[in-house]
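Sequences listed follow chains A and B, in order. Once you know that position 247 of the first sequence is 247 in our numbering, the rest is easy, because the numbers rise by one and skip nothing. Once you know that position 184 of the second sequence is 1184 in our numbering, the rest is easy, because the numbers rise by one and skip nothing. Below: one structure, written as structure tokens.
2 protein chains.
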Amino acid sequence: MTKITAHELAKKQKEISVAEFFERNKHILGFGNQTRALITSVKEGVDNSLDACEEANILPDIYVEIKNGEDSECKIIIEDNGPGVVKKQIPHIFGRLLYGSRFHAIRQSRGQQGIGISAVVLYGQLTTGKHTKIISKIEPNRPAVINELVIDTNKNRAEVIGRDTIHWEKPTGTRIEVSIIADFVRGKRFVYDYLQSTSIVNPHAQITYKELDGNEYFFERTAETLPRKAIEIKPHPYGVELGTLIKMAKYTKSRQLNSFLKTEFSSMGDRTTNAAIEKAGLEKNLNPKQMTRDQFLALHKAFKKVKIMAPSTDCLSPIGETLIKRSLKNETQEISPEFIITASRPPSVYSGNPFQIEVGLVYGGKLPKEEQVKLLRFANRVPLLYQQGGCVTTSAISSIDWRRYGLTQPSGKGIPTGPAIFLTHVSSSLIPFTSESKEAIADVDEIENEIKLAFRECTRKVQHHINKKVRRKKTREKFDLITRILPEIAKKSANMLDKPVPSLDPIITKIMDVVWIEDLIEYEKISRKPVQTTLTDDPEANKEGIITKSKIMVVNYKRSPQKFNLYALIPEDAVVGTVNPKPSKITDKYIKWNLESIPSANKIDIYFELAGLAQGDFDENDLYIDNINPTFVIGADKWEGD
Amino acid sequence: MTKITAHELAKKQKEISVAEFFERNKHILGFGNQTRALITSVKEGVDNSLDACEEANILPDIYVEIKNGEDSECKIIIEDNGPGVVKKQIPHIFGRLLYGSRFHAIRQSRGQQGIGISAVVLYGQLTTGKHTKIISKIEPNRPAVINELVIDTNKNRAEVIGRDTIHWEKPTGTRIEVSIIADFVRGKRFVYDYLQSTSIVNPHAQITYKELDGNEYFFERTAETLPRKAIEIKPHPYGVELGTLIKMAKYTKSRQLNSFLKTEFSSMGDRTTNAAIEKAGLEKNLNPKQMTRDQFLALHKAFKKVKIMAPSTDCLSPIGETLIKRSLKNETQEISPEFIITASRPPSVYSGNPFQIEVGLVYGGKLPKEEQVKLLRFANRVPLLYQQGGCVTTSAISSIDWRRYGLTQPSGKGIPTGPAIFLTHVSSSLIPFTSESKEAIADVDEIENEIKLAFRECTRKVQHHINKKVRRKKTREKFDLITRILPEIAKKSANMLDKPVPSLDPIITKIMDVVWIEDLIEYEKISRKPVQTTLTDDPEANKEGIITKSKIMVVNYKRSPQKFNLYALIPEDAVVGTVNPKPSKITDKYIKWNLESIPSANKIDIYFELAGLAQGDFDENDLYIDNINPTFVIGADKWEGD
């Protein structure tokens, strides 16, 4: 063999277009096999539609259809009522990889890469050789435009093959029609699952799904307002890399260091800016474009020495515990689990990117005992269906020793086995996906930690829930005994002695010596308002077809009168209706009553109504008390403050 | 909230440069945290050097150094004796993502993406703001060039900040010096592990590693020839997508369909080409540039109806069972495992890409019994250290029920627990990595299947090995009994009767009634030739410092003379030395003897030598026999043919 020179090797070196790269590595984008290709295509289309609607403040109304083609070809149609796309942008957005509006914005969104939807177009063309059709309408009084696209992968640019205008009834919207080779038979169930999960965590969206075999499914909108809008923020100094700082300075319009810091970063007020500049030993009026690497390095180090407020979490839009609970209820309808517990962590930050963890746990019922726990994963309200093994949510769960919670787990590591479902939702302005297919989240330490903390909180709640149940059961047995047996004895003794039956209340009270709190929850259907098609901020519009009615009975089985405060937790998104007796305080988290003195052996009834919830969202009261020794109370715990 | 129009949204839409994309998503490239950043940087540099050397037919001699910088900065230096890089290409290869020579070539190589090494430069600049230095020398008699690079991420282009020529002693080579923020303390062990594993599966490479704290390690070259060169092949018709076919036709220089098929695809001879064209109902002399989609579709379908030879597997360069065994031996030096078994599958194809699976299994010894089995993963001779959970090798292993092989595995799924190590090597012209970080292989069905088959073969061999051991042990007990006890009895009886001790051979033979085969392996050190620095094809140069000596004893304990054939398997890469008696055949897989008739109660000694192996590579004979009833033979199995 003879040596080959650098000159000979140089002949082969050339540029690789990003489209060409992904054409060859389509599995990286989630098109690894024909089942996944189907799901990825639907997912990218729907995610794109949801993002577009939310950005334009429109309640999403999405139509998904899968049609039969020749051989194993599927035609996928996804239509929304979003703002549409201006004519000039259509070939870029749908026919060019790495192009979009969400990449440069720091806020929670589904699409962050500017790859997804064009990848679908690319995959369609690669496997079927057919063009993709895009219909877009941007104004109610103008016709829609229709485009036929083809991607030149060597250049990563779309060619518009045909362009026309057509009449379309929608006021505004976008429709994509793309033919791909896919395995509908195997992928069918996953598409349904994906749409269902999506609908549950996006209750403001309405999704219609028409399957290839003609079946039509309708996932109803159950919330008439958009979720809290994720606001775009600026980069935070704590997370910015030195190289990024240098680059930002190169492109800034500011001519002075202090205005550069104040305008280009978040959490940088006058005081913090000055402190950072001083710590770095620099001058306020330095021109950022003329700073040396050493000056940037000093500034970068100074950031870490100055106390800077955490980045605003307005850029996040978590799902909320109620929706998580609902999602899990839905998932376990036929399983009648023993309990569903949720927990959410306060927002946190990794490399300057805000993120927040919410988790849920279902246990018992008909869930299989001999199988691995089922993991449900969500990122920015998008269900993740693949690559579970490579996801930080899985590694976080695997690193917890679940054996002490009654699950099987050899050596205390790995996914435990037992009758449970674990749900994790990560929301972030930048989800660190392990690849462009957005199927798994990378093992960032901060995220892994927060997930572990969230599940620990969950298990604490589970323990609390079980303890409460056990205590209540024990007391109830005692109570049953006393209230059934004692009267019998009294009656019999009285009869034998031919005396009147004595009142047993004081005796029962003496034996029980507790305040007994019991509750009951009922649901009432109310005639539902017609679906609002226009946008509104009116919270009343959020009203559901269900009123949740909570009845609480407080019985004083102590020998002396009792006077204390009672707190009932309520879900954040519930609207409080009638409350009886008059509460002393209502916040978005709880209702508080200063209960009047209850005489011994007397009871008091408490009632409140919640609107804006689905049946079962609120199915157990979480009650707390203060101003009384909590060991004397059954059915409520010590109030630890807000 | 008011609706936002498409025009307003359009203002934010813009192109994302690929460098900018990865700058923000650096975890996708393997720079998710500071530990991984260190390993990824070393890995990309070394992989690049190995590829370059092999392409130029040079035995790699690689120097890796990690130096201390300020704060948690590390300076990484990687130097090779490869062909160097021509001046004009330096900024492209090291400073531009998606640029290179290996992407467009269909053959096994470490780098396939044209991203790796520029990603290191990008990460260095991002975290330290420093330039990267590249030294390259392409001809022995000319000076080396030195370049300082900086990447403009908005354009994905490198700027050369400084360029100069310097004297460098090497005849040719490349040296990169890049400063990155990394965690050396935590990453240290992994860098060592990575280099060690790399050295084991690349025995033709010599690697010197100088650690930050001054320690220097030397991973010696143990094979003086390059591995079989992976030859570039053309795409195979079975795996080509319709869209790719259309694109290829657009860019071909051929003007007629038949010459297009013959020149642009592999395995397309005259007959196959004509058959495909005929099946598609097309004409040979059609101009490929003028064909319609329907014509391409017909041709694409016709490919599947015609029998086309599998793609050539010259494009692959597997590790080989001997090296795999050596790698596992090395990994388990202090563990003294019960056995090490390897298996390799014939090459196979997924989506037109040839691939091949090799596996190994270590069991017992001091391996921990209560922990999950350790998985070792390799792809194209590169050790994979991260993302085990998301890798097809893991899911294939997890889907096998290992309980029947004595490992713990709840519900028969997941990574089993027990004293074992599993190794998997995937080689392919296109490894379907789940992301650009090349840490895990996507779950391609064909690959998963082959891995399962390979491990099944392994477990069969394990079973075989155990059975053989058990049978031999049982017979040996019987044999010991007979050869110790019988003579005692005979001696005593003879003494008592005052008669001479009778010969027991016929009796022993009668009781044993088998042909007994036993073997012994010894190693002898020989004076080693000096390391060859020039390239050579001489197989003698492959000679190691060890001669493996195999001694086989065949004893006929049957009552009649026996005459049969004996086969001893030998590793493919071994060189056969002295063989005694004269064999009837030597292939690269076995040595065969037609054994002369062995009289009853007689024995025959067989001896052979192997060179080119390390001590322990060959530590047990695998013996087969034919022309004799195999149930009468202990120590060899029935020969099933080549």
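Each residue gets a CB set at the ideal place from its N, CA and C atoms; glycine is no exception.
- Report the three-state DSSP secondary structure of B/Ile1062 (helix, strand or coil). strand
- Item | Three or more C-beta pairs below 8 Å linking the segment 361-379 of chain A and the segment 336-345 of chain A | yes
- Task: Compare the C-beta of A/Gln356 with all C-beta atoms of chain B and state if any pair is closer than 8 Å.
- Result: Output row for A/Gln356: interface = no.
- Message: 8 Å is my cut-off, CB to CB: does A/Gln295 come that close to chain B?
- Response: no
- At what residues does the beta strand (DSSP E) containing B/Lys1374 begin and finish? Lys1374 to Ala1379
- What residue ranges within the segment 434-515 of chain A form continuous alpha helix (DSSP H) runs of no fewer than 4 residues, ordered along the chain? With a minimum length of 4 residues, the unbroken runs of alpha helix (DSSP H) contained wholly in the segment 434-515 of chain A fall at 445-497 and 505-512.
- Task: Could you name each continuous beta strand (DSSP E) segment of 3 residues or more that falls completely within the segment 169-229 of chain A, going from the start of the chain to the end?
- Result: Counting only runs of 3 or more, we get 173-181, 206-210 and 216-219.
- Query: Can you name the residues of chain B whose CB is closer than 8 Å to the CB of A/Arg24?
  - Reply: Phe1103 and Leu1430
- Item | Extent of the continuous beta strand (DSSP E) to which A/Pro383 belongs | Val382 to Leu384
- Task: Quick one: which unbroken alpha helix (DSSP H) runs of 4-plus residues sit fully inside the segment 1353-1429 of chain B? Chain order, please.
- Result: Fully contained in the segment 1353-1429 of chain B are the following alpha helix (DSSP H) runs of length 4 or more, in chain order: 1392-1398.
- Item | For A/Ser348, three-class secondary structure by DSSP | strand
- Since A/Ser503 meets chain C, which of its residues come closer than 9 Å, beta carbon to beta carbon? In the displayed structure, chain C is absent; the protein chains listed are A and B.
- Message: To the nearest angstrom, how far is the alpha carbon of A/Lys304 from that of A/Glu450?
- Response: 22 Å
- Note down the Cα distance separating B/Met1512 from B/Lys1558, rounded to an integer number of angstroms. 7 Å
- If you run the structure through DSSP and keep just helix, strand and coil, what is A/Glu518? strand
- So, is the C-beta of A/Gly406 closer than 8 Å to a C-beta in chain B? no
- Query: What residues from chain A crowd round B/Phe1618, counting only those whose CB sits closer than 7 Å?
  - Reply: Near B/Phe1618 there are no residues of chain A at all, since even the closest Cβ is about 28 Å away, more than 7 Å.
- For A/Arg24, which option in B/Met1553, B/Asn1353 and B/Arg1403 has the closest C-alpha, if you only look at C-alpha atoms? Residue B/Asn1353 is the option with its Cα nearest to A/Arg24.
- Shorter than 8 Å from the beta carbon of B/Asp1443 to some beta carbon of chain A? yes
- Message: Quick check: what's the CA-CA separation for A/Phe103 versus A/Leu97?
- Response: 12 Å
- Let me know the secondary structure DSSP gives A/Thr244 once reduced to three states. helix
- Relative to the alpha-carbon of B/Met1066, which residue among B/Ala1037, B/Gly1129 and B/Ala1052 has its alpha-carbon at the smallest distance? Reading the sequence as shown, one finds Ile at residue 1066 of chain B and not Met. With distances taken between Cα atoms, B/Ile1066 lies closest to B/Ala1037.
- Item | For B/Arg1157 and B/Pro1091, the rounded distance between their alpha carbons | C-alpha separation (whole angstroms): 8 Å.
- Query: Among A/Ile308, A/Tyr386, A/Lys229 and A/Asn33, which residue has its Cα nearest to the Cα of A/Lys262?
  - Reply: Cα-wise, what sits closest to A/Lys262 is A/Ile308.
- Would you please verify whether the beta carbon of B/Ile1606 is less than 8 Å from any beta carbon of chain A? no
- Using alpha carbons as the reference points, say which of B/Val1086, B/Gln1113, B/Ser1109 and B/Lys1003 lies closest to A/Ala19. B/Gln1113
- Message: Can you check which of these residues, B/Asn1594, B/Val1575, B/Leu1595 and B/Ser1254, is closest to B/Asp1588 by C-alpha distance?
- Response: Of B/Asn1594, B/Val1575, B/Leu1595 and B/Ser1254, the residue nearest in Cα terms is B/Val1575.
- Query: Taking any Cβ of chain B, which residues in the segment 373-400 of chain A have a Cβ under 9 Å from it, in chain order?
  - Reply: Those residues of the segment 373-400 of chain A that come within reach of chain B (Cβ to Cβ, closer than 9 Å) are Tyr386, Gln387, Gln388, Gly389, Gly390, Cys391, Thr394, Ser395 and Ser398.
- Item | Bridge partner(s) assigned by DSSP for A/Trp593 | In DSSP, A/Trp593 forms a bridge with A/Leu566.
- Anything in chain A within Cβ reach of B/His1007, meaning under 8 Å, just list it in chain order. Val86 and Ile138
- Query: Below 8 Å between beta carbons: does that hold for A/Leu520 and A/Pro571?
  - Reply: Not a contact, by the Cβ cut-off of 8 Å.
- Item | Length-filtered (3 minimum) beta strand (DSSP E) runs lying within the segment 78-146 of chain A | The segment 78-146 of chain A contains these whole beta strand (DSSP E) runs: 132-137.
- Query: What did DSSP end up calling A/Val42 once you bin it into helix, strand or coil?
  - Reply: helix
- From the DSSP output, in three-state form, read off A/Ile4 for me. coil
- Interface residues of chain B facing A/Ile246 [CB-CB closer than 7 Å]: Gly1129
- Under 7 Å from the C-beta of A/Asn57: neighbouring residues of chain B: Met1001, Thr1002, Lys1003 and Ile1004
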